[in-house]
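Read through the structure below, which is laid out as structure tokens, and then see the notes.
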Ligand code: MN
């Protein structure tokens, strides 16, 4: 029993927050979001640009809160306490089932679908945290830090393992990679995460970003594209 089940039918002292949810392409129902796990340094060229060795070390993860998700059309408010906020375009994997110790060969059975997302990052605060050995939440899990497009069911589009992943700012190409460059593939990420967490329906995995991350400014229009998925456009406000 989770803490959520402890008081069925009882009142809350204030209205519970709404359930974070994403639209689904071609379906009226929403996808309710449970957790957001993000993988770090999953493209060799991005690991190199961040000053790291791109050899295949085990993947590592951090989390964003589900309420950091934002619809692209509502824009990205430039956050306080930073002067170096970066874009990271990522494939978002949406799970319909979970469990622990999921074998990689069965991991794709857990996937409901895929979306285009942005892992917006306060790069200056992340750099300080790395130097001081501190956690990344202030750099990664601030409000509105996860703009995300609609989920495309795998039943409709399959499981994309290759195809362009790119991002422009005001029309200028900044990030230009291919999903086949991911060091850890989607089944391996799910298998690895499931050794640390009991994955659950509604979990999202942000699958890492290719090289070319960079700063945004107020007024910029970010366009994020992955072949086969709806592109998203986000204005920095
Ligand atoms: Mn990222």
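In the working numbering, the protein residues as written are 888 to 1124. A virtual CB, placed ideally from N, CA and C, is assigned to each residue, including glycine. Since we're looking at a predicted model, the values are computed, not measured.
Item	Value
Where residue 968 sits in the DSSP three-state scheme	coil
Alpha carbon of residue 1072 to alpha carbon of residue 988, nearest angstrom	16 Å
Among 897, 898, 1024 and 1009, the one whose alpha carbon lies nearest that of residue 966	1009
Strand pairing of residue 1104, partner residues [DSSP]	Residue 1104 is not bridged to any residue.
Lining residues of the ligand MN - beta-carbon closer than 7 Å to any non-hydrogen atom, in sequence order	925, 927, 975, 977, 1006, 1008, 1093, 1095 and 1096
Rounded C-alpha distance that separates residue 1109 from residue 903	33 Å
Whole-angstrom distance between residue 909 and residue 918, CA atom to CA atom	5 Å
Segments of 4+ residues assigned as alpha helix (DSSP H) that fall wholly inside the segment 1023-1106	1024-1027, 1041-1044 and 1073-1083
With 16 other Cβ atoms within 10 Å as the buried cut-off, status of residue 1085	exposed
Rounded straight-line distance, which links the Cα of residue 979 to that of residue 1026	19 Å
Exposure of residue 1062, with buried meaning 16 or more beta-carbon neighbours within 10 Å	buried
Alpha-carbon spacing of residue 1067 relative to residue 1094, whole angstroms	12 Å
Enclosing beta strand (DSSP E) for residue 923 [first to last residue]	923-927
Residue range of the beta strand (DSSP E) that includes residue 908	908-911
Backbone secondary structure at residue 977 - three-state DSSP	strand
Extent of the continuous beta strand (DSSP E) to which residue 951 belongs	947-951
Coarse secondary structure for residue 1000, derived from DSSP in three states	strand
Cβ neighbours of residue 1124 in the same chain (closer than 6 Å, five flanking residues each side left out)	962 and 964
Where the alpha helix (DSSP H) containing residue 935 begins and where it ends	931-936
Coarse secondary structure for residue 1010, derived from DSSP in three states	helix
Contact under 8 Å by Cβ, residue 946 with residue 926	yes
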